[in-house]
Amino acid sequence: MSKNILVTGVSQGLGLAIAESILAAGWNVYGVSRRHSPEYAALQEKFPGRVHFHAFDLAGVDAVKEDLFGKFLPFSTPLHGYVNNAAMAYDDIVTNLDAGRLRAMYDVNVFTPMMATKYAIRHMLFNRVAGSIVHISSISVHTGYKGLAMYASTKGALEAFSKNTAREWGERGVRSNCLVAGFMETAMSGKLTEEQRQRIYNRTALKQATKLGSVADTVVFLLGDGAASVTGQNIFVDSGTI
Ligand SMILES: NC(=O)c1ccc[n+]([C@@H]2O[C@H](COP(=O)([O-])OP(=O)(O)OC[C@H]3O[C@@H](n4cnc5c(N)ncnc54)[C@H](OP(=O)(O)O)[C@@H]3O)[C@@H](O)[C@H]2O)c1
């Protein structure tokens with residue numbers, strides 16, 4: 003059966019790779035980001051009718067109901083999965099913490115995704131769909147990296163939210179899991195120097211960056227029927243970070 007999957011942050015990086023893996027599985031993508039990138043537009047051309055796009059700024063917590071669900075994903079379109087991928091990173095040491103920047107990051111990484119989870123679950127219940135929610139978390143929650151305390155705290159919040167969502171809605175068939183990603187080579191990590199990269203790779207068993215395709219394919223597994231008994235988990239795809 004074909005599935006309709008809401009994915010945030012599809013313009014580039016991991017979100018684009020997740021969209022590609024979902025399409026390869028034969029399902030449809032309802033993609034969201036601020037920018038309609040040429041790479042995503044190319045997917046729309048390659049898979050006519052299966053790749054949808056809605057420009058949406060996740061800073062807008064209050065627009066989730068009307069704009070994201072009312073306009074883009076009305077109840078008449080059954081929703082089988084929600085991938086909370088988009089995020090921003092406010093990196094700095096704790097002694098420099100700025101409350102305004104912290105709040106802005108929490109809006110994008112935590113509050114809007116929590117609100118979207120609310121409406122995604124309502125949507126799944128309305129259409130009697132046993133849906134799957136996947137939050138993209140980060141290995142920084144579990145290892146710690148200098149400068150990532152604030153960012154990692156947003157992902158830790160999602161991990162707690164996901165586990166409790168799984169407990170709360172499992173009886174109605176809704177699953178929720180976190181994909182804990184290791185360091186991937188995307189724009190988000192592009193600011194690091196070669197030396198910093200090598201230090202991070204040396205902390206992994208495979209001594210290499212985490213591959214986007216490996217993370218994306220695991221997300222598709224979590225969305226699919228093969229993962230019907232998997233919920234409330236953190237699944238690590240991180241090149242074996244030790
Ligand atoms: N890269 C890593 O090493 C790494 C490691 C662990 C976990 N992660 C996680 O993996 C996920 C994907 O990260 P990435 O590396 O692919 O990052 P990326 O290349 O910076 O892409 C981020 C995506 O999120 C979208 N986005 C950002 N702010 C947004 C906003 N306010 N409203 C709507 N969309 C927004 C961006 O689109 P627009 O700019 O067009 O809006 C873009 O498509 C994130 O959750 C990140 O925390 C990354």
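Counting in the numbering used here, the sequence shown runs from 3 upward without gaps. Just so it is clear, CB atoms sit at the ideal spot from N, CA and C, and this is done for glycine as well.
Need the endpoints of the alpha helix (DSSP H) that residue 24 sits in, please. 15–26
Note down, in chain order, each residue of its chain lying with its Cβ closer than 6 Å to the Cβ of residue 152, except the 5 sequence neighbours on either side. 92 and 104
Please identify the residue among 142, 62, 203 and 235 whose C-alpha is closest to the C-alpha of residue 167. 235
Which runs of the alpha helix (DSSP H), 4 residues or longer, sit entirely within the segment 179–204? 196–203
Environment of residue 3 [buried if 16+ CB atoms lie within 10 Å]: exposed
Residues near residue 60 in its chain [Cβ-Cβ closer than 6 Å; skip 5 each side]: 88, 110 and 114
Quick one, are the C-beta atoms of residue 162 and residue 15 less than 9 Å apart? no
Which residues bound the alpha helix (DSSP H) around residue 122? 114–128
Going by the beta-carbon positions, is the gap between residue 10 and residue 85 smaller than 9 Å? yes
Identify which residue in 53, 23, 231 and 201 has its Cα closest to the Cα of residue 173. 231
Continuous beta strand (DSSP E) stretch holding residue 140: start and end: 134–140
Same chain, Cβ closer than 6 Å to residue 218, five either side skipped, listed in chain order: 19, 20 and 23
At least 3 beta-carbon pairs within less than 8 Å: the segment 45–52 vs the segment 71–85: no
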